[in-house]
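Chemist:
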Amino acid sequence: MPPYMGYKVVVVVVVVVVVVVVVVVVVEEEEEEEEEEEEEEEEEEEEEEQ
């Protein structure tokens with residue numbers, strides 16, 4: 005794999021993680037509006053090893 009491909013892989017992984025975090029936050033906010041009794045559960049999910 006050419007050296008310049010390394011940063012592209014990192015960028016893709018970062019983008020995927022950011023998108024997942026944003027989706028989780030939005031879903032949790034919507035759930036909190038519907039049910040405020042639910043406590044925050046594991047906001048930080050472990051990153052899946054590739």
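Residue numbers (our numbering): 5 to 54. Beta carbons: idealized from backbone N, C-alpha and C, even for Gly. For clarity, every value in this text was computed on a predicted model and none was experimentally measured.
#1: Tell me the rounded alpha-carbon separation between GLU32 and VAL15.
#2: Output the distance between the C-alpha atoms of GLU36 and VAL19, rounded to the nearest integer angstrom.
#3: In this structure, does DSSP put TYR8 in helix, strand or coil?
#4: CA-CA distance, VAL21 and TYR11?
Modeler: Reading it off the structure:
#1: Reading the sequence shown from its first residue, position 28 is the one you call residue 32. Reading the sequence shown from its first residue, position 11 is the one you call residue 15. GLU32 and VAL15: Cα-Cα distance of roughly 26 angstroms.
#2: Within the sequence shown, the letter at position 32 stands for residue 36. Within the sequence shown, the letter at position 15 stands for residue 19. Between GLU36 and VAL19, the C-alpha separation is close to 26 angstroms.
#3: In the sequence shown, residue 8 corresponds to position 4, counting from 1. Coil at TYR8, not helix or strand.
#4: Counting from 1 along the sequence shown, the entry for residue 21 is found at position 17. Counting from 1 along the sequence shown, the entry for residue 11 is found at position 7. The straight-line gap from Cα to Cα measures roughly 15 angstroms.
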